[in-house]
Amino acid sequence: MKKIILCICLLCLTAMQLYAQGRFPRFKVLAFYNEHVEPAHVEFAEEAIVFFKKLTEGNGFVFDVTKDLNDLNDEKLKDYALVMLLNDVPGSPQQRQAFEKYMQNGGGWFGFHVAAYNDARTNWPWFVDFLGAGVFYRNNWPPLPATVVIDKPEHPVVKGLPQRFVAPLNEWYQWKPSPRAHKNIQVLATLAPENYPLGLKDIIPDGDTPIVWTNTAYRMIYLNMGHGRGIFSDATQNKLIIDAFKWVIATDKKGNVFER
Ligand code: ZN
């Protein structure tokens, strides 16, 4: 019994020392989530929250979730190494300005699926350029699995992944022009050409469909996955998501928390 109490005390002391040294949390993430959007996008967000909350265990980071886009403000964002948009985008000028400022000052961003959607009503040129200047062009329906090809096998986000894998079913988006044409966009994964024609009701017949990319002028990753349940059901894709997340955190100009 004494041994158990001693062990608990030592663990508490270690935790207190980490707090005292400012090493916990190693970093904080703020995820934005809207529960009043397309049901499949809500389902995805709910599973993503469970996935990333689970990832905090033993990894020394905090994963905060908010439904209030007004949390995109200077005061709130200063504590966070990464902002995650699960199924929505900032709408008000204040939210958008705070987000631009955060990113231009070295903030980290992780966006899924509909976070990059744009159309004639978006009216946010900075954000469209941030994502590679592509306008939403077409999608497949119903959601389907698809073969993914890795573009830059040497990049830390996709290093160690098989050159090709089958991603779980998703509604895939294609953009026009392809974000690949933007000088600052580095595409990391793309739908394989043999997927085409992809869809039944809505069909992606051909073309270039990047699905994971980074804008090299910022610390960010966009992933097109994010429609419905089951996105986190594939080990290979989960590795890609975790490695992408880790890379955005690791490239913080304030230093790599994973090397401390
Ligand atoms: Zn969708």
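Numbering (my numbering), first residue to last: 1280 to 1539.
Here a beta-carbon is modelled for each residue, glycine too, at the ideal position from N, C-alpha and C.
Note that this is a predicted model, so its numbers are computed, not measured.
Between residue i and the ligand ZN, is there a pair consisting of the residue's CB and a ligand heavy atom that are separated by less than 7 Å?
i       : result
His1392 : yes
His1320 : yes
Taking 8 Å as the limit between beta carbons, can you name the residues of its chain near residue i, skipping five residues before and five after?
i       : result
Pro1441 : Ile1429 and Thr1515
Asp1481 : Arg1417, Asn1418, Asn1419 and Trp1420
Pro1432 : Lys1438, Leu1440 and Gln1442
Lys1380 : Asp1353
Arg1539 : Arg1302 and Arg1305
Do residue i and residue j have their C-beta atoms within less than 8 Å of each other?
i       : j       : result
Gly1385 : Val1362 : no
Ile1500 : Val1436 : yes
Asn1313 : Asn1366 : yes
Val1427 : Phe1444 : yes
Leu1470 : Thr1493 : no
Ile1483 : Pro1476 : yes
Ile1254 : Pro1447 : Any question about residue 1254 goes unanswered here, given that the chain covers just 1280 to 1539.
Phe1340 : Arg1305 : yes
Val1536 : Phe1389 : no
Leu1479 : His1434 : no
Ala1425 : Asn1474 : yes
Please work out which residues of its chain come closer than 7 Å, Cβ to Cβ, to residue i, disregarding the five sequence neighbours upstream and downstream, and give them in chain order.
i       : result
His1461 : Gly1411 and Ala1412
Gln1374 : Leu1348, Asn1349 and Leu1351
Pro1369 : Leu1348, Leu1351, Arg1375 and Phe1378
Leu1486 : A small correction: the amino acid at residue 1486 is Gly; Leu does not occupy that position in the sequence shown. Answer for Gly1486: Gln1453, listed in chain order.
I'd like the list of long-range same chain contacts for residue i, defined as Cβ closer than 6 Å, with 5 residues on each side in sequence excluded.
i       : result
Lys1346 : Tyr1312
Thr1495 : Asn1463 and Gln1465
Ala1327 : Leu1365
Asp1531 : Ala1360
Tyr1497 : Met1382
Ala1529 : Asn1535 and Phe1537
Phe1342 : Val1308, Phe1331, Lys1332 and Thr1335
Using a Cβ-Cβ distance under 8 Å, would residue i count as near chain B?
i       : result
Glu1314 : In the displayed structure, chain B is absent; only one protein chain is listed.
Item checked: Residue list, Cβ distance to the ligand ZN heavy atoms smaller than 5 Å -> Glu1450 and His1506
Next item on the list: Evaluate contact between the segment 1516–1536 and the segment 1405–1422, counting only Cβ atoms and requiring at least three cross-stretch pairs below 8 Å.
Entry: no
Margin query: Across the segment 1353–1362 and the segment 1303–1315, are there enough close Cβ pairs to call them in contact, namely three or more that are closer than 8 Å?
Written below: Cβ pair count under 8 Å is three or more, so yes.
Margin query: Would you call the segment 1446–1460 in contact with the segment 1414–1424, where contact means no fewer than 3 C-beta pairs closer than 8 Å?
Written below: yes
Note to self: With a threshold of 8 Å, are at least 3 pairs of Cβ atoms found where one atom belongs to the segment 1312–1328 and the other to the segment 1504–1511?
What the structure shows: yes
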